[in-house]
Amino acid sequence: MQNEATPVNDLGLETSESPDQKETPRSADAEVAAFATELFSARFAERNKTPQEIEELVDSFHERLLEQAGIERKISAITGTTAEYNERKLPYRFRLGIKTFLETYIDFVKEKLKGDLPTRERTKGLIREIDNSLFSSHPNLASYCGDYKDMLEVAAKTLDAPELQGTLASHIIGELNYNLSFDSKAEEKIEEMLANCSNLEAMRLISILESVANEAAANGKWADRGFSSITAAIEKQKQHSSPLVVLYSSAMSKRLREEAEDPSLGVVRYRDDPNYARLSRDMTKREVQEHRELTKSLTLEKELSRGGRLQYIAKDAIAITDQGLIPHEVALIDRKEILNTSREKDSVPIPAQFIDLADVYKDGRINPFNLKEEGDTKLLIQRFHDPFMRQEIKNTLGVSLIDISFESQLYLLRFMADADRPTFARLEAITHRIPNQAITFLESFLALRTGDEFAESLLTIGEKLRPKEINGILYSLERIYKSGVEFKNFFGQIEPELGRGVYLALVKRTTELLLVIQEVIQKGKAETQLYNGEKIAATDIKSVCQALTSLEYSITTIAEALRQSAEAPRSTEAPSQTHETVHAIRFETPKVLLQVREQGAKIGAHDATREFDGEARINFLVNIKTDEPIPEELSQPLRQQALSIRLDREGTVWIPGASVAIPESDPTRQQGSLSLDIGSIYGEPDNPNVEIGRLLAIGNALIAEKRGEKANFNHVREVFDPKFGDAEVFADVVRKLGSNLAGEQ
């Protein structure tokens, strides 16, 4: 019987600690983790031994410790709680040691499951063995691995490995159900726990609480308190300040109401049943058909886990999900390519390169910048793609997530995670205002790739402009982003980092115009002052939208020319040209001219009849007025008015946040900077090349002002690897570009 003077933790267990003692020393955590790693490594290695060798290990140190009591005694010794443990008071420091032990086990198993087939099979055998040794009796280590929040955190970590869902995760959730159902203050404790954590952590805890409530619903009257405490606490989260938490809470509340009416689980528990960790979701007929098509069309590097399925989660991505249809790994594959493969009788399956959702943030093909921390990326995507959450988003925004590209989803997700409720309400109103363009509008959140300030631009445009104007802007953005991928692929053949840099620069240049549109809408004018003191301004939204259209036309025309050159390589200029001169490359379409220079030349040493200065560059020129060929000579009006989209190897060293570090530009300098420049800020205002260049300069200045930086006007340097500023590296890029266009290997 508990003494009234003895503190009691939220599980009803005695503790001899005061609140300020509720910390396990970091050294103890590390020692417990080291002990656990050594233990599981030894047990894993033993699975390779012969039966006779295993028999000889029966009396070994590790074999004895694998018994629960031995592990508990070892952890109590490490955490300095042996005296309390012997009295079965289970102090919090001891329970945190158990938590560390279990988390180390989870990490060990997850790492081994990434190995080859024999390693994965041995790991699954180890999981069964550990389950029999440590969790087959009650109470066990899962019964006291911390307080409620700690146990929920361990369960959440366990759910990342589908192979553990029927064992450790299931045991912890069962313990939580029991404890919450007999705790008179359960609802109060859950509410306090959710109130004192971040938005993302709240979603993580709610996802586990849903699993606990599912079991409580199946257990009948004795578990009513646990079920009602959880549902009431989640219901209150619908008043949360984060729209993402609100949507998720609403989705889970609906889910639990269904479960209360018709429980999915039974009273009798079965060993190794993953449904107690994450309830299995029935697939629709469409999803079943998709799974069959995908398994037929794809070559997988590893087998699916029990209950695992293949599902589309975006128009360009598929995922490996668990039995609850929650994604764990993703592969970027065009849906059309899969459809064609599934229809062809003798088609060869497509190799599918899946990556763990936790690694999405560092994948070069996606690379969502600033998507929280590494561990949060997977959490966000999984909550976003919970089947009930997807339906909630569709009900709210009128859009199905699988119709949006995976990359755009990530930036929309980040916006939703950071937005407040009034801001999200604006997004909801816009999607209902332009239902036929809602998908394209949400795709446009890819603009956030180059900074969060563009979210406000998109919202302002969606609210204030007429639907016809919005449609025109969205059409241009969609085509620019699609053509930008072609630029990325083309330059990526030369250098992957260069391809990504060009793509990011095009996205930023485009979204600079969005900021100009926003400024004109809100203030009636967008303006800046150039290097020479000249003031330039934009006052007409129509002219800015026309500039965006012209930019889109130019980028898509260049992309088409590059695509045609890949299909039918073009001859470059006569080889008598030297690397010190500028020379031209023409394409099948006469509207595009490419001028390239490998090495920079000082002013006066350059070809003044064909180039404004001697910077080494890759200069695409587009005739946006007619289909006539662009002449090379600067004196020709068509050449002067052609829009220039160019990579300049500038003879300046650039420092982030500044304009330039060395004012005097010397094109022959060995180390410089690479910049994507579009148009010009100097010249006649009615010249299309100047008009577009100046509008971009205004947008660039507005961004710089918001960030407390100096404007770079028509230059975008920050997205490129500094190595491309080296004269020899850039010269090599130009040579490879010429070879690629000529069809040389």
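Going by full-length UniProt numbering, 1 is the number at position 1 of the sequence shown; the sequence numbering is gapless. Heads up, the beta-carbon is just placed ideally off N, CA and C, and yes, glycines get one too.
When the Cα of residue i is compared with those of the options, which residue comes out closest?
| i | options | result |
| --- | --- | --- |
| Glu188 | Ile230, Ala217 and Ala156 | Ile230 |
| Glu215 | Leu674, Asn196 and Ala260 | Ala260 |
| residue 750 | Val212, Val716 and Leu152 | Coverage of the chain is limited to positions 1 through 745, which leaves residue 750 absent and any answer about it impossible. |
| Val399 | Arg421, Ile430 and Lys378 | Ile430 |
| Leu194 | Asp183, Gly699 and Ser207 | Ser207 |
| Asp102 | Arg43, Val32 and Leu117 | It is Leu, not Asp, that sits at residue 102 in the sequence shown. The option with the nearest alpha carbon to Leu102 is Val32. |
| Phe40 | Ser133, Ile234, Tyr85 and Phe490 | Ser133 |
| Lys542 | Leu514, Ile558 and Thr528 | Leu514 |
| Glu684 | Ile692, Asp677 and Ile678 | Ile692 |
| Asn740 | Lys394, Ser665 and Ile585 | Ile585 |
| Leu530 | Ser680, Thr539, Asp686 and Thr510 | Ser680 |
| Ala251 | Asp334, Pro263 and Lys236 | Lys236 |
| Arg610 | Leu638, Glu628 and Lys625 | Leu638 |
| Cys145 | Ser405, Leu401 and Ile173 | Ile173 |
| Lys647 | Ile698, Phe487 and Gly699 | Checking the displayed sequence, the identity of residue 647 turns out to be Leu instead of Lys. Cα-wise, what sits closest to Leu647 is Phe487. |
| Leu593 | Ser280, Glu628, Thr581 and Glu534 | Glu628 |
| Phe612 | Phe587, Thr589, Ile630 and Val582 | Val582 |
| Leu474 | Gly499, Pro435, Leu504 and Gly501 | Pro435 |
| Asn86 | Asn199, Ser76 and Arg414 | Ser76 |
| Arg255 | Gln391, Lys149, Ala186 and Asp334 | Gln391 |
| Ala605 | Ala642, Tyr553, Gln409 and Pro667 | Pro667 |
| Glu67 | Asp131, Asn395 and Gln289 | Asp131 |
| Thr423 | Gly499, Glu456 and Ala331 | Glu456 |
| residue 771 | Leu298, Ala83, Thr284 and Arg433 | Given a span of 1 to 745 for the chain in the structure shown, any question on residue 771 remains unanswerable. |
| Pro688 | Gly499, Asn623, Thr510 and Tyr248 | Asn623 |
| Cys197 | Lys706, Asp150, Asp726 and Gln640 | Asp150 |
| Arg309 | Thr82, Arg281 and Lys315 | Arg281 |
| His138 | Leu446, Lys112 and His171 | His171 |
| Ser297 | Ala83, Glu718, Glu633 and Ile318 | Ile318 |
| Asp607 | Glu632, Val360, Lys112 and Arg286 | Glu632 |
Mind checking who residue i pairs with in its DSSP beta bridge?
| i | result |
| --- | --- |
| Glu329 | Ile320 and Asp356 |
| Arg95 | Answer is none; Arg95 lacks a bridge partner. |
| Asp726 | Gln671 |
| His715 | Asp677 |
| Pro351 | Thr299 |
| Ala616 | Arg649 |
I'd like to know if residue i contacts chain C, where contact means its C-beta is closer than 7 Å to some C-beta of that chain.
| i | result |
| --- | --- |
| Phe620 | No chain C appears in the structure shown, which is made up of a single protein chain. |
The alpha helix (DSSP H) spanning residue i covers which residue range?
| i | result |
| --- | --- |
| Val690 | Pro688 to Arg707 |
| Leu180 | Leu168 to Ser181 |
| Val520 | Pro496 to Lys523 |
| Pro467 | Pro467 to Gly492 |
| Phe227 | Asp224 to Lys236 |
| Leu294 | Lys285 to Ser297 |
| Asp131 | Leu117 to Leu134 |
| Asp150 | Tyr148 to Thr158 |
| Asn86 | Thr82 to Asn86 |
| Pro243 | Pro243 to Glu261 |
| Arg204 | Asn199 to Ala218 |
| Ile603 | Careful: Ile603 lies outside any alpha helix (DSSP H) and carries neither H nor E. |
| Leu194 | Ala186 to Ala195 |
Could you give the residue range of the beta strand (DSSP E) that holds residue i?
| i | result |
| --- | --- |
| Lys535 | Lys535 to Ala538 |
| Ile313 | Arg309 to Ala314 |
| Gln529 | Ala526 to Gln529 |
| Ile585 | His583 to Arg586 |
| Arg73 | Careful: Arg73 lies outside any beta strand (DSSP E), inside the alpha helix (DSSP H) at Gln68 to Ile78. |
| Arg597 | Val592 to Arg597 |
| message | To test your reading of the DSSP string, which unbroken alpha helix (DSSP H) runs of 4 or more residues are found completely within the region 394 to 457? | response | 406 to 418, 421 to 433 and 438 to 443
| said: For the region 173 to 183 against the region 220 to 234, do three or more pairs of beta-carbon atoms, one drawn from each stretch, fall closer than 8 Å, so that the two count as touching? | reply: yes
| Which parts of the region 618 to 673 are runs of the beta strand (DSSP E), unbroken and 3 residues or longer, counting only runs that do not cross its ends? | 643 to 650
| Is there contact here, the region 668 to 677 with the region 479 to 497, by at least three beta-carbon pairs under 8 Å? | no
| task | State whether the region 412 to 425 contacts the region 465 to 485, with contact taken as three or more CB pairs (one from each stretch) at a distance under 8 Å. | result | no
| Is it a yes or a no for the region 228 to 242 touching the region 270 to 285, going by three-plus beta-carbon pairs under 8 Å? | no
| Any contact of the region 611 to 618 with the region 590 to 603, i.e. 3+ C-beta pairs under 8 Å? | yes
| query | Is there contact here, the region 518 to 529 with the region 723 to 737, by at least three beta-carbon pairs under 8 Å? | reply | no
| request: Say whether the region 162 to 175 touches the region 298 to 307, bearing in mind that this needs 3 or more beta-carbon pairs closer than 8 Å, one atom from each stretch. | output: yes
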